[in-house]
Amino acid sequence: MRIPIRDVTPNTVYAEIIGWVHEVRDLGGLTFFLIRDRTGIIQVTVSKKKAASSVIEAARDISRESVVRVAGGVRAIDKAPGGREISPDEIEVISEAGSPLPLDVVEKVPAEMDTRIDARFMDVRKPRVSAIFFVRNAAMHAISDFLFTRGFINITTPKIVAAATEGGTELFPIAYFEKEAFLNQSPQLYKQMMMAAGFEKVFEIGPIFRAEEHNTTRHLNEATSIDIEVSFADHNDVMEILEEIIAAVYRNVADTCGEPLAHLGIDPDVPKTPFPRITYAEALEIANRRVEEDIRFGDDLGTAAEKAIGDEMGEHYFITDWPTAIKPYYAMPYEHDPEISKAFDLMHPRMELASGAQRVHQHNLLVRQIRSKGLSPESFEFYLKPFRYGMPPHAGWGLGAERLVMTMLDLGNIREAVLFPRDRHRITP
1 MRIPIRDVTP NTVYAEIIGW VHEVRDLGGL TFFLIRDRTG IIQVTVSKKK AASSVIEAAR
61 DISRESVVRV AGGVRAIDKA PGGREISPDE IEVISEAGSP LPLDVVEKVP AEMDTRIDAR
121 FMDVRKPRVS AIFFVRNAAM HAISDFLFTR GFINITTPKI VAAATEGGTE LFPIAYFEKE
181 AFLNQSPQLY KQMMMAAGFE KVFEIGPIFR AEEHNTTRHL NEATSIDIEV SFADHNDVME
241 ILEEIIAAVY RNVADTCGEP LAHLGIDPDV PKTPFPRITY AEALEIANRR VEEDIRFGDD
301 LGTAAEKAIG DEMGEHYFIT DWPTAIKPYY AMPYEHDPEI SKAFDLMHPR MELASGAQRV
361 HQHNLLVRQI RSKGLSPESF EFYLKPFRYG MPPHAGWGLG AERLVMTMLD LGNIREAVLF
421 PRDRHRITP
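For the sequence shown, our numbering begins at 1 and goes up steadily by one.
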């Protein structure tokens with residue numbers, strides 16, 4: 001019976017494995033194959049003096065990245081990967097790989113990002129690349145476990161919508177029978193509606209779509225957003241949940257992803273909580289002190305400003321108390337100073353990871369806020385209706401999955417953190 005490669009130990013007497021041929025070395029009398037599955041790599045050694053003729057014949061024409069079945073005795077050997085090797089009694093080529101390969105899985109010959117994505121199915125065969133997605137899986141597992149344990153309800157909201165979440169033109173229009181529709185920018189409006197339904201605590205992990213004409217190493221046009229909404233809570237309450245989740249993700253990755261992290265050559269530290277908090281005004285002061293440009297109150301913080309502030313903070317941190325004018329209409333203004341909102345961004349020293357706020361829950365104030373952004377309340381009637389019939393105070397946030405993985409693993413390009421990236425130039429594979 002086939003067993004995972006990681007379970008083949010030097011104490012195993014006999015093993016049958018199935019995997020891909022990672023590398024081949026022919027030294028004349030000996031041929032060494034490295035066989036790989038998702039659990040690891042093992043060495044298979046064929047001695048042309050000792051092996052059966054059927055084994056020697058099968059081994060002669062095996063190409064790299066072919067799928068093979070190998071069965072034989074196992075022995076300990078110090079120089080082999082994992083300290084063990086198989087001397088095969090049987091070798092069967094299950095699926096032969098063509099040549100030349102689209103890219104080098106062993107990575108002796110590096111490939112550009114476009115080449116890698118064009119052959120993504122093969123790119124993720126690289127142990128270093130697959131390690132990213134084992135880490136991402138552990139991160140998503142930790143987030144779901146954290147939220148389920150704390151009584152959150154998992155919801156699924158529409159990705160085809162009739163109106164923009166925040167207005168504006170950064171939407172992908174689609175033909176929807178006789179109507180115009182759009183791909184959703186965010187589950188924001190729907191998760192707020194679930195607060196009116198009495199669900200109290202909800203979360204969703206799903207795709208979002210932004211028609212922004214970026215062409216950078218930190219932006220995607222389809223991304224995965226981790227969203228929560230909590231009733232009878234304010235911005236401080238959900239910031240505490242957010243920092244606890246980030247720490248939980250790092251802990252779970254550290255505890256369960258030792259081998260993937262070794263492939264990546266990193267050991268991310270679990271961030272200490274609580275995270276520092278600075279106001280928008282304080283962030284502006286830091287940026288203006290360190291960046292040679294005049295950033296005024298009410299301006300958004302650009303890449304250079306974010307980097308300057310991140311360099312000074314040196315760890316995860318929150319920027320709080322943003323100007324109401326530059327945050328979405330659903331961000332709650334302070335009662336004593338309506339020019340400032342109860343909104344926040346979670347920052348890694350490299351970039352923004354999440355944004356959130358206490359939400360406006362009063363119908364009349366929400367209508368005024370929508371109008372103040374130059375939008376029509378009539379376009380949001382489906383969203384506004386629940387606010388007339390008992391909407392509790394609530395708060396929430398959205399966290400970018402790819403940015404979380406990118407910063408945790410110190411990746412140079414956000415496309416590394418998603419299997420099949422979508423940007424302004426790519427819609428295949």
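Glycine residues also receive a C-beta, built at the ideal position from the N, C-alpha and C atoms.
C-alpha distance - residue i paired with residue j, whole-angstrom precision
i, j, result
"D78", "S87", "15 Å"
"W322", "E335", "14 Å"
"V124", "E96", "19 Å"
"E204", "A51", "56 Å"
"D61", "S53", "13 Å"
"D37", "E212", "38 Å"
"I309", "I414", "21 Å"
"A304", "I42", "47 Å"
"S372", "K126", "51 Å"
"I295", "F318", "19 Å"
"H348", "D89", "53 Å"
Buried or exposed by the 16-neighbour rule on C-beta atoms within 10 Å, applied to residue i
i, result
"L27", "exposed"
"N29", "The question names Asn, but residue 29 in the sequence shown is Gly. Under this definition G29 is an exposed residue."
"S355", "buried"
"G412", "exposed"
"Y14", "exposed"
"P274", "exposed"
"V230", "buried"
"S66", "buried"
Bounding residues of the beta strand (DSSP E) (the contiguous stretch that carries residue i)
i, result
"V135", "Segment P127 to T149 is the alpha helix (DSSP H) holding V135; no beta strand (DSSP E) there."
"I42", "G40 to S47"
"F344", "A343 to H348"
"M351", "M351 to Q358"
"F32", "L30 to D37"
"V202", "K201 to F209"
"S95", "R84 to S95"
"K179", "K179 to L183"
"P317", "It should be noted that the sequence gives Tyr, not Pro, for residue 317. From DSSP, the beta strand (DSSP E) with Y317 extends over Y317 to T320."
Residue nearest to residue i in terms of C-alpha spacing, selected from the options
i, options, result
"T407", "T428, H361, R296 and V270", "V270"
"A281", "I340, K179 and E292", "I340"
"S63", "V44, A71, V55 and L101", "L101"
"L220", "N11, T9, P10 and I427", "I427"
"T149", "V46, V44 and I245", "I245"
"G390", "G72, M194, G73 and P349", "M194"
"D337", "A325, S231 and N252", "A325"
"S130", "V106, N364 and E312", "V106"
"S225", "A175, E293, A139 and P10", "A139"
"S376", "D114, A163, L147 and A247", "A163"
8 Å contact criterion, which residue i and residue j should meet: CB distance rounded
i, j, result
"L409", "L264", "6 Å"
"R6", "G40", "5 Å"
"A223", "I208", "6 Å"
"D234", "Q358", "5 Å"
"L242", "L34", "That belief does not hold up - the Cβ atoms of L242 and L34 are roughly 43 Å apart, past 8 Å."
"G374", "D227", "Not really, about 25 Å apart at Cβ, beyond 8 Å."
"R69", "E16", "7 Å"
Span of the alpha helix (DSSP H), counted from its first residue to its last, around residue i
i, result
"K307", "T303 to M313"
"V253", "H235 to T256"
"T156", "Counting along the chain, T156 falls outside any alpha helix (DSSP H), and DSSP gives it neither H nor E."
"R388", "Looking at the DSSP string, R388 is not in any alpha helix (DSSP H), and its letter there is neither H nor E."
"F121", "R120 to D123"
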